[in-house]
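Taking it in order: structure first as structure tokens, then the write-up.
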Amino acid sequence: MICTRRSISIILLHLVAIATALPPLVRVAQEDVRFGVRLFQEVLQDHKEGNLGFSPYGASSALNILQFGTAGETMEQIRKVMNYGLHERAVYASLRKLREEISQVQTVSEEPKSVHVADGLFVQRDLTLTPGFLQRFQSTFRRHVTQVNFTDPSQAKDILNQWVENQTEGMIKDLLGSNSIPPLTRLVLLSAVHFHGAWKLPFPEKATHQRPFYRMDGSQVQVSMMANTGKYNYSEFLTPNGEDYDVIELPYEGGELSMLIAAPYEKEVPLSTITNILTPELIQEWKETMKPVTRFLVLPKFSLLSEVDLKAPLERLGVKNMFSAETADFSRLSGKNSHFS
Numbered sequence: 001m002i003c004t005r006r007s008i009s010i011i012l013l014h015l016v017a018i019a020t021a022l023p024p025l026v027r028v029a030q031e032d033v034r035f036g037v038r039l040f041q042e043v044l045q046d047h048k049e050g051n052l053g054f055s056p057y058g059a060s061s062a063l064n065i066l067q068f069g070t071a072g073e074t075m076e077q078i079r080k081v082m083n084y085g086l087h088e089r090a091v092y093a094s095l096r097k098l099r100e101e102i103s104q105v106q107t108v109s110e111e112p113k114s115v116h117v118a119d120g121l122f123v124q125r126d127l128t129l130t131p132g133f134l135q136r137f138q139s140t141f142r143r144h145v146t147q148v149n150f151t152d153p154s155q156a157k158d159i160l161n162q163w164v165e166n167q168t169e170g171m172i173k174d175l176l177g178s179n180s181i182p183p184l185t186r187l188v189l190l191s192a193v194h195f196h197g198a199w200k201l202p203f204p205e206k207a208t209h210q211r212p213f214y215r216m217d218g219s220q221v222q223v224s225m226m227a228n229t230g231k232y233n234y235s236e237f238l239t240p241n242g243e244d245y246d247v248i249e250l251p252y253e254g255g256e257l258s259m260l261i262a263a264p265y266e267k268e269v270p271l272s273t274i275t276n277i278l279t280p281e282l283i284q285e286w287k288e289t290m291k292p293v294t295r296f297l298v299l300p301k302f303s304l305l306s307e308v309d310l311k312a313p314l315e316r317l318g319v320k321n322m323f324s325a326e327t328a329d330f331s332r333l334s335g336k337n338s339h340f341s
């Protein structure tokens, strides 16, 4: 399998299978994946050109925190898009357990954790949060609220950027630019997901060479590509329109995590033929169908830095009220009129 496609789209999902889990936890995990796929497809509508790296986990985590502080139609819109169908207390408990399961994933037992998730809530010093929201936030996400002086945007930016840098072990620096925090800001919610893993089947350095990579306009460019021959889980599939594509699984050390790569067989076929039909059930079908096969795998070496505005994608999914000063209801958060942007 030689992946020389015209663009790269990466979606980072938390597919958690817990054999002994209680039904509410399974429900929350499954619906988080479903929401992640839907949001990813909406984000792609705004990023049809070029490469995209995106983790829906941060968005689902943020919405779960926000629904603790919403009421009325604002809360109902968030609950509808998350679709847990559970009592609020069951959602709290399941989210807490799910975060514990994700955070306990390791590459090998002697190594540090390969997945680290963190949520930070930063509020203006004179903003009083309701006791109920504080209790729900702290018990579910195991985090304390940090007070910040947002009337000094430069200082606030530095504090938030340092938090992100610390939580991602220095991988994300200067997330927020100089104009990212308006002086009237009263609350900022940050979600960080840091993953560090080693391939179970490493790519030999000596096998990395320049090979053609096909752009979306049909042209090609020579890029550095990794190569390896090994036994991978692999299978071939057809889209509903009859387009051939194949899926291969690249495991990380420890066996708990892996990367799934799906690519059209013909280089002229766009990745959208796959992303448009993506569902949790299809991903599960991939995993159940794949068999160990010896393959020659070639992948481009790449790094992705994507900036994604989630306002329009979330509004298209039905989450609208929280972005409007006229309709947002965060009365369970602080009792004051607030909206998100």
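For what it's worth, UniProt numbering labels the leading residue of the sequence shown as 1, then goes sequentially.
The beta carbon of each residue, even a glycine, is placed where N, CA and C say it ideally should be.
Contact check, residue i vs residue j, beta carbons under 8 Å
{"i": "residue 342", "j": "V188", "result": "There is no way to answer for residue 342, as the model of the chain reaches only from 1 to 341."}
{"i": "L297", "j": "M225", "result": "no"}
{"i": "F150", "j": "T185", "result": "yes"}
{"i": "P270", "j": "R34", "result": "no"}
{"i": "V221", "j": "R215", "result": "yes"}
{"i": "L86", "j": "R27", "result": "yes"}
{"i": "N321", "j": "E73", "result": "yes"}
Chain-order list of residues whose beta-carbon lies under 8 Å from that of residue i (same chain, five-residue window excluded)
{"i": "P313", "result": "L39, E42, V43, Q45, D46"}
{"i": "R143", "result": "A118, D119, G120, L121, F137"}
Rounded straight-line distance, which links the Cα of residue j to that of residue i
{"i": "D309", "j": "F323", "result": "13 Å"}
{"i": "Y234", "j": "V81", "result": "33 Å"}
{"i": "residue 343", "j": "V319", "result": "The question about residue 343 has no answer, for the chain in this structure spans 1 to 341."}
{"i": "K311", "j": "L190", "result": "15 Å"}
{"i": "R332", "j": "M75", "result": "10 Å"}
{"i": "L250", "j": "L304", "result": "19 Å"}
{"i": "L95", "j": "G120", "result": "16 Å"}
{"i": "M290", "j": "K200", "result": "17 Å"}
{"i": "D126", "j": "E49", "result": "43 Å"}
{"i": "residue 342", "j": "R295", "result": "Outside the modelled stretch of the chain, which goes from 1 to 341, sits residue 342, for which no answer is possible."}
{"i": "D217", "j": "F141", "result": "45 Å"}
{"i": "D152", "j": "E165", "result": "20 Å"}
{"i": "T146", "j": "E101", "result": "25 Å"}
{"i": "R79", "j": "Q155", "result": "35 Å"}
{"i": "V37", "j": "N83", "result": "13 Å"}
{"i": "Q30", "j": "R99", "result": "14 Å"}
Within-8 Å CB hit, residue i to chain B
{"i": "S224", "result": "Within the model displayed, chain B is absent; a lone protein chain is all it includes."}
Limits of the unbroken alpha helix (DSSP H) element including residue i
{"i": "Y57", "result": "56-67"}
{"i": "V117", "result": "Segment 115-124 is the beta strand (DSSP E) holding V117; no alpha helix (DSSP H) there."}
{"i": "P212", "result": "Counting along the chain, P212 falls outside any alpha helix (DSSP H), though it belongs to the beta strand (DSSP E) covering 209-214."}
{"i": "K231", "result": "Segment 220-238 is the beta strand (DSSP E) holding K231; no alpha helix (DSSP H) there."}
{"i": "D32", "result": "23-45"}
{"i": "L314", "result": "311-316"}
{"i": "S272", "result": "272-275"}
{"i": "K80", "result": "72-82"}
Beta strand (DSSP E) segment containing residue i, residue limits
{"i": "T146", "result": "146-148"}
{"i": "K157", "result": "Unbroken run through K157 is the alpha helix (DSSP H), 153-167; no beta strand (DSSP E)."}
{"i": "R136", "result": "Counting along the chain, R136 falls outside any beta strand (DSSP E), though it belongs to the alpha helix (DSSP H) covering 131-141."}
{"i": "R332", "result": "First-last for R332: undefined, no H or E at that position."}
{"i": "R295", "result": "291-300"}
{"i": "S306", "result": "That residue, S306, is in no beta strand (DSSP E); it is neither H nor E in DSSP."}
{"i": "M259", "result": "258-264"}
{"i": "P251", "result": "244-251"}
{"i": "V193", "result": "187-195"}
Beta-carbon proximity list for residue i, same chain, < 6 Å, skipping 5 on both sides
{"i": "A207", "result": "A227"}
{"i": "I248", "result": "M1, Y232, Y234, I261"}
{"i": "Q167", "result": "A118, A192"}
{"i": "F237", "result": "Y245"}
{"i": "I274", "result": "Y245, A262"}
Own chain residues within Cβ distance below 7 Å of residue i, not counting five before or after
{"i": "P240", "result": "I277"}
{"i": "R316", "result": "E42"}
{"i": "L176", "result": "K157, L160, N161"}
{"i": "F133", "result": "F68, G69, R332, L333"}
{"i": "V91", "result": "V28, Y84"}
{"i": "Y265", "result": "D244, Y245, D246"}
Exercise. Quick check: the segment 55-72 against the segment 127-142, are there 3 or more CB pairs under 8 Å?
Worked result: Taking a contact to require three or more Cβ pairs closer than 8 Å, the segment 55-72 and the segment 127-142 qualify as touching.
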